[in-house]
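Protein chains: 2
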Amino acid sequence: MSRLSPVLDQIDATLEDAVQRLFELLVVPSISTDPDFAQDCQKAATLLAEDLKSLGAEACVDQTPGHPMVIGHIPGPAPHLVFYGHYDVQPVDPIELWDNSPFTPQLEDTPNGKVIRARGSSDDKGQLMTFVEACRAWIAKHGALPCGVTFFFEGEEESGSPSLVPYLREKASELQGDIALICDTGLYGHDRPAIITQLRGLLGQEITIKAASKDLHSGMYGGIAANPLKVLSGILAGLHDDQNRVTIPGFYDGVPEVSAEQSAQWDSLKFDAGAFLGEVGLADPAGETDRKPLDMIWARPTCEINGVAGGYAGTGFKTVLPAQANAKISFRLVGNQDPLKIREAFQSQVRAMVPPDCDVIFEDHGAGPAVHMDTSSTFFTKASEALSEEWPEPAAFVGAGGSIPVAGYFKSELDLDAMLIGFARDDDSIHSPNEKYDLESFHKGIRSWARILDAVSD
Amino acid sequence: MSRLSPVLDQIDATLEDAVQRLFELLVVPSISTDPDFAQDCQKAATLLAEDLKSLGAEACVDQTPGHPMVIGHIPGPAPHLVFYGHYDVQPVDPIELWDNSPFTPQLEDTPNGKVIRARGSSDDKGQLMTFVEACRAWIAKHGALPCGVTFFFEGEEESGSPSLVPYLREKASELQGDIALICDTGLYGHDRPAIITQLRGLLGQEITIKAASKDLHSGMYGGIAANPLKVLSGILAGLHDDQNRVTIPGFYDGVPEVSAEQSAQWDSLKFDAGAFLGEVGLADPAGETDRKPLDMIWARPTCEINGVAGGYAGTGFKTVLPAQANAKISFRLVGNQDPLKIREAFQSQVRAMVPPDCDVIFEDHGAGPAVHMDTSSTFFTKASEALSEEWPEPAAFVGAGGSIPVAGYFKSELDLDAMLIGFARDDDSIHSPNEKYDLESFHKGIRSWARILDAVSD
Chain Y
2 MSRLSPVLDQ
12 IDATLEDAVQ
22 RLFELLVVPS
32 ISTDPDFAQD
42 CQKAATLLAE
52 DLKSLGAEAC
62 VDQTPGHPMV
72 IGHIPGPAPH
82 LVFYGHYDVQ
92 PVDPIELWDN
102 SPFTPQLEDT
112 PNGKVIRARG
122 SSDDKGQLMT
132 FVEACRAWIA
142 KHGALPCGVT
152 FFFEGEEESG
162 SPSLVPYLRE
172 KASELQGDIA
182 LICDTGLYGH
192 DRPAIITQLR
202 GLLGQEITIK
212 AASKDLHSGM
222 YGGIAANPLK
232 VLSGILAGLH
242 DDQNRVTIPG
252 FYDGVPEVSA
262 EQSAQWDSLK
272 FDAGAFLGEV
282 GLADPAGETD
292 RKPLDMIWAR
302 PTCEINGVAG
312 GYAGTGFKTV
322 LPAQANAKIS
332 FRLVGNQDPL
342 KIREAFQSQV
352 RAMVPPDCDV
362 IFEDHGAGPA
372 VHMDTSSTFF
382 TKASEALSEE
392 WPEPAAFVGA
402 GGSIPVAGYF
412 KSELDLDAML
422 IGFARDDDSI
432 HSPNEKYDLE
442 SFHKGIRSWA
452 RILDAVSD
Chain V
2 MSRLSPVLDQ
12 IDATLEDAVQ
22 RLFELLVVPS
32 ISTDPDFAQD
42 CQKAATLLAE
52 DLKSLGAEAC
62 VDQTPGHPMV
72 IGHIPGPAPH
82 LVFYGHYDVQ
92 PVDPIELWDN
102 SPFTPQLEDT
112 PNGKVIRARG
122 SSDDKGQLMT
132 FVEACRAWIA
142 KHGALPCGVT
152 FFFEGEEESG
162 SPSLVPYLRE
172 KASELQGDIA
182 LICDTGLYGH
192 DRPAIITQLR
202 GLLGQEITIK
212 AASKDLHSGM
222 YGGIAANPLK
232 VLSGILAGLH
242 DDQNRVTIPG
252 FYDGVPEVSA
262 EQSAQWDSLK
272 FDAGAFLGEV
282 GLADPAGETD
292 RKPLDMIWAR
302 PTCEINGVAG
312 GYAGTGFKTV
322 LPAQANAKIS
332 FRLVGNQDPL
342 KIREAFQSQV
352 RAMVPPDCDV
362 IFEDHGAGPA
372 VHMDTSSTFF
382 TKASEALSEE
392 WPEPAAFVGA
402 GGSIPVAGYF
412 KSELDLDAML
422 IGFARDDDSI
432 HSPNEKYDLE
442 SFHKGIRSWA
452 RILDAVSD
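One line per chain: the protein sequences are Y and V, in this order.
Everything in the first sequence is counted per the numbering used here, starting at 2 for the first residue and increasing by one.
Everything in the second sequence is counted per the numbering used here, starting at 2 for the first residue and increasing by one.
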């Protein structure tokens, strides 16, 4: 009998316990972007460190200027894997659209099977725990892991990871390994696992336009006083041209054209844009008018307005000229786009549109470049084979529209290649109300990691 | 001794009691635009009706589909005056900018004298009570008023007055009189009273752009899914051209040019735009580039964005594509601009900018035309003389940028001319945090009405 079989059996036999352990983590509202929840981030970190210790790891909670990092080591034979996940979660608003309390996890029966319903169930607590549970099953059956593992959990992924790079530099020697594993992505199809080959970068910017020293009555001041919402609308509307191209000077510098080979491989994936958009009530790809849908989300950079607030937003009406207005804007970056140059060009473009009577204040929310994986490594081949054995369909090498800056930082700060494998599904509603993680994702995710641990440790 | 002197003495002697009575009204959070405060609107109406009864009026609270009206009659010799005020108030947000609780009225010492601090102290509960207190003093000293008075208090002025026109039609016979008096405006200068000769109309529109069926993750959907904040920004930025003219087709139909005579009279008022804007931290008139500052607020129509909301507005960052985005927009109208035609043209312009993948929903928030007063009536001459006796500087006939639709409706529904006189000051922060009403405004306001009652009843 292989060393893997009893591990898989153990996973199947103890799935209920694994779900209960995940629930203990899901009840903690570790929303990293909101300072009100700092204690909860601390609590989630502590829970995880205790859990790693229960596996026999030397583990601790490391404080940072922001939310703490969790780090844990289990030595073993070569290779040495560095596993990354994040325990922080997105805010829950609009809270009124949740059917249940976001931090009261539930196992629900749905027409598509059982799901774990809670904020963070998919992004990323549930995913993070798939690897931890795989290790737990290995240890339960063999008393040890088949290779060395360093666990590394972050608590600021959803808020721009301000402490990450300084931490990686400080702990560079502790975080050495042969490859980084990151579990924060999705399946390609319902039954088809995926390994990510490229990630878009992310630049987050917040702008606040300030006009009068207080809110004004539009009857008294309307038509003569500067309205920051008008200024802001002009700025936001000016970010794209009528072909939906971003207007910031130099924005497309370093954006590579998709190669014929890449294009052919992506065409073979038979991406159905109509079905993808139809699931969320849309029909028409809204990106650059001359690009293919899959290019829009994998290969092309974007500029999106993520939030606008100013003036009266309550029920009814208030004829106010607000004193200020605010917008949050994010850019997804590809190829060799330089986030810092783009930030500078963006801020110059905004400043040029602010009239003398108004001020603009910028706030930074992260700036990470795009990442392209080195798929020639044998880790990729072995992991792909292991995943293909677990799932009904073979693993796919795919791009990803999201941004997981840590993958880039592992390379730039630690010279560590990253392999991104995750089990989320498109309908998980991450960052949205009613987030869920399929029990199947959780179960087969644990089994997948057990298989990968086996495969790479051959 | 004149019949007026003892009334003025009575007002001076009982000012403290009058302030206490006003406080009883100010503690009631009668925010009409928010349904959560419907009971408080009812309570404020009941308080007022009881107070009118204590003056000997036949008074009642009349229910409407919205908030109730208060009506009270005190018969007397000719003429018969219909006095209007509103007991509803604006919302209090941003609540964090208030130094005290907005519904815990306080008499505060300030470098500029004593002020009554509370939401509604100036707009319009304090102003409304100046007239009631003047009547109370007349009755205290003479057992009767010098003329007939009908009191008419509305509770929906801050929320578009949806019940007003149907009510005026239903109660047309009860609301007959020789002139309507409206106390909801301001002094022209610190020591200079004003009678309004024209008011801008108001059209309120709310638009909601709906895109996806739920909030989306910008990593998964950014660059391919329609972003309602982008659509909304384009619509809002397109409302003005680069000369700050409103772009809606036909918008300027019916806008009269300011006559040479009117322009000369306004020039004589020596309006200091720098000082007016300087008080709120601004410097540059932001209206149509080819217009004089006073024209911008009295003679020209405007389009202002009063609120925008969509996506993540909390602390930090969230890379979301929101499912919808919302804006509240108001238009101040002048001359013969037709609010209903403008509403239609606005909605057409918006619809044309909404892509097929999005929907737009419109919500109406009032539509009233501009009003021009007939200042040839002797009421205006007599009131002007009475005001000039009370205040250090003579009364001014002035325009007003605000909109008090009831003045237009008194004319169109009851054929009743309206005379608008009020005692608010520019720094009262109406519709803003820390609203106040100078004790002097309240005191001299009461005395002003006592003088006007005397003058028009000669």
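Just so it is clear, CB atoms sit at the ideal spot from N, CA and C, and this is done for glycine as well.
Given the structure is predicted, the values throughout are model-derived calculations rather than measurements.
Local conformation of residue i per DSSP, three classes
i: Y:C136; result: helix
i: V:E155; result: strand
i: V:K115; result: strand
i: Y:Y253; result: coil
i: V:G187; result: strand
i: Y:V166; result: helix
i: V:V351; result: helix
i: Y:D360; result: strand
i: V:G202; result: strand
i: V:G235; result: helix
i: Y:A387; result: helix
i: Y:A346; result: helix
i: Y:A141; result: helix
i: V:G127; result: helix
i: V:Y222; result: helix
Pairwise C-alpha distance: residue j and residue i
i: V:A401; j: V:L421; result: 10 Å
i: V:A119; j: V:P106; result: 5 Å
i: Y:S331; j: Y:E207; result: 9 Å
i: Y:V281; j: V:G224; result: 15 Å
i: Y:V93; j: Y:E305; result: 20 Å
i: V:F24; j: V:V90; result: 14 Å
i: V:Y253; j: Y:D185; result: 56 Å
i: V:L53; j: V:A212; result: 52 Å
i: Y:C61; j: Y:P294; result: 44 Å
i: Y:S349; j: Y:F380; result: 44 Å
i: Y:R452; j: Y:F398; result: 18 Å
i: Y:N1; j: Y:S269; result: It is not possible to answer for residue 1 of chain Y, since the shown part of chain Y is limited to 2 through 459.
i: Y:A135; j: Y:W450; result: 6 Å
i: V:G336; j: V:F84; result: 25 Å
i: V:I196; j: V:F277; result: 19 Å
i: Y:S377; j: Y:T15; result: 36 Å
i: Y:A226; j: V:L283; result: 7 Å
i: V:D365; j: V:A324; result: 22 Å
Contacts around residue i, its chain only, beta-carbon distance under 8 Å, and the 5 residues preceding and following it disregarded
i: Y:E414; result: V166, L169, R170, A173
i: Y:Q244; result: E289, T290, D291
i: Y:G67; result: S33, G156, E157, S160, P163, S164
i: Y:D427; result: G187, F277, E280
Own chain partners of residue i with C-beta closer than 7 Å, once the 5 adjacent residues on each side are dropped
i: V:S123; result: A425, D429, I431, E436, K437, Y438
i: Y:S404; result: L200, R201, G202, L203, R333, G369
i: Y:T47; result: V62
i: V:V355; result: I210, V232, V361
i: V:S214; result: A324
According to DSSP, residues forming a beta bridge with residue i
i: V:K329; result: V:E207, V:G308
i: Y:I197; result: Y:V399, Y:L421
i: V:L108; result: V:I117
i: V:L322; result: V:L217
i: Y:I180; result: Y:L82
Close beta carbons around residue i, own chain, < 6 Å, minus the five adjacent residues each side
i: Y:E59; result: H74
i: Y:R448; result: L9, I12, E391
i: V:P194; result: L188, L388, W392, A396
i: Y:M374; result: T198
i: V:V116; result: E109, K437, D439
Quiz item: Which runs of the alpha helix (DSSP H) fall wholly inside the segment 404-428 of chain V and span at least 4 residues, in chain order?
Solution: Counting only runs of at least 4 residues, the segment 404-428 of chain V fully encloses the following alpha helix (DSSP H) elements, listed from N- to C-terminal order: 406-415.
Exercise. Please go through the segment 258-309 of chain V and give each complete alpha helix (DSSP H) segment of 4 or more residues, from N-terminal end onward.
Key: Assignment of alpha helix (DSSP H) within the segment 258-309 of chain V, counting only whole runs of 4 or more residues, yields 261-268, 274-279, 294-299 in chain order.
Practice problem: Could you tell me which uninterrupted alpha helix (DSSP H) segments, each at least 4 residues in length, are contained entirely in the segment 2-87 of chain Y, listed from first to last along the chain? | Solution: As far as the segment 2-87 of chain Y is concerned, its whole alpha helix (DSSP H) runs of at least 4 residues are 5-14, 16-27, 39-55.
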